[in-house]
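Here is the structure we will look at, set down as structure tokens.
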Amino acid sequence: MPEVHESHHPLVKEQLTLLRDPATPPATFRDVMRRLTGLLMYEATADMRVRPVTVTTPLRAEAQGVRVAERVGLIPILRAGLGMVDGALALFPEAEVWHIGLYRDEETLRPVTYYNKLPQRPRVDICFILDPMLATGGSAAAAASILKAWGVGRIKFVGILAAPEGIRHLHDHHPDVTVHVAHVDRHLTPPPQGADDPPAGFIVPGLGDAGDRLFGTGP
Ligand code: PRP
Numbered sequence: 000m001p002e003v004h005e006s007h008h009p010l011v012k013e014q015l016t017l018l019r020d021p022a023t024p025p026a027t028f029r030d031v032m033r034r035l036t037g038l039l040m041y042e043a044t045a046d047m048r049v050r051p052v053t054v055t056t057p058l059r060a061e062a063q064g065v066r067v068a069e070r071v072g073l074i075p076i077l078r079a080g081l082g083m084v085d086g087a088l089a090l091f092p093e094a095e096v097w098h099i100g101l102y103r104d105e106e107t108l109r110p111v112t113y114y115n116k117l118p119q120r121p122r123v124d125i126c127f128i129l130d131p132m133l134a135t136g137g138s139a140a141a142a143a144s145i146l147k148a149w150g151v152g153r154i155k156f157v158g159i160l161a162a163p164e165g166i167r168h169l170h171d172h173h174p175d176v177t178v179h180v181a182h183v184d185r186h187l188t189p190p191p192q193g194a195d196d197p198p199a200g201f202i203v204p205g206l207g208d209a210g211d212r213l214f215g216t217g218p
């Protein structure tokens, strides 16, 4: 398995509970996802490289400090990844934000790229793929491939929920990409047998369709 960091922080677990609750309306869902992303980014950046600096305090005493030495790129996967951007920018206001549009074909569950606004060359040292859901892992693996072809060396995936199937798929294709999530759930839904069954490839217990929950859309 790739390096998987499941948060055990009580605040993360509490906010995840709100996201799972179908009674949570889109406005609250967006707010909670923003705050949750900040907490997950805090944990995901604990190993960032820093350089030493010296500062003179109001007491005219010198103190040793640090500055973060890595330029950060945030890569939200449209559409649901948009819900994580503000929370990540709160920690890294100077980060560059580059959008990749991927949707999952409902029949094949394979990712389809429909938007890519990356500049010619990366100007960042580390990229954080932002997507609430790591389900089959197809979208995350495709995004990591795009970023590597673009020339980024260090990539982390930050999401809300992951299924074991998705973690395995991402690991098979990108063993170097670490995963940071609020929780690793049980499994994915199988292909539906009856009209009342949910569609295939949804995370269980999950939180439903993250994009629809964020933006108030859906069937
Ligand atoms: C969801 C989710 C991920 C993808 C995860 O997006 O936000 O991008 O599915 O599935 P995977 O791990 O099996 O690839 P969706 O295709 O529903 O698009 P949306 O964000 O536009 O709603």
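With numbering that gives the first Met the number 0, letter number 90 in the sequence shown gets 89, and the count goes up by one each step, no holes. All C-beta atoms, glycine included, are put in the ideal place defined by N, C-alpha and C.
If you compare alpha carbons, which of the options is closest to residue i?
i      : options                         : result
Gly136 : Gly200, Asp46 and Asp211        : Gly200
Val84  : Tyr113, Ser138 and Met32        : Met32
Gly215 : His4, Thr27 and Pro9            : Thr27
Glu164 : Ala142, Leu129 and Ser138       : Ser138
Ile74  : Met40, Asp130, Arg50 and Glu106 : Asp130
CB of residue i to nearest heavy atom of ligand 1: below 6 Å?
i      : result
Met132 : yes
Gly217 : no
Pro198 : no
Ile76  : yes
Thr27  : no
Pro118 : no
Gly207 : no
Tyr102 : yes
Gly158 : no
DSSP beta-bridge partners for residue i?
i      : result
Lys155 : Phe127 and Thr177
Met47  : Paired residue(s): none; Met47 is not in a bridge.
His170 : BP columns for His170 are empty, so no partner.
Ile202 : Leu187
Pro75  : Leu129
His98  : None; His98 has no bridge partner.
So, for residue i: in the same chain, excluding its five sequence neighbours on each side, which residues have a beta-carbon less than 6 Å away from its beta-carbon?
i      : result
Lys155 : Ala43, Phe127 and Thr177
Gly100 : Leu77, Tyr113 and Tyr114
What residues in its chain sit with their C-beta under 7 Å from that of residue i, if we drop five residues either side in the sequence?
i     : result
Arg48 : Ala68 and Glu69
Return the chain-ordered list of same chain residues with a C-beta closer than 8 Å to the C-beta of residue i, the five sequence neighbours on each side being excluded.
i     : result
Thr53 : Glu61, Ala62, Gln63 and Gly64
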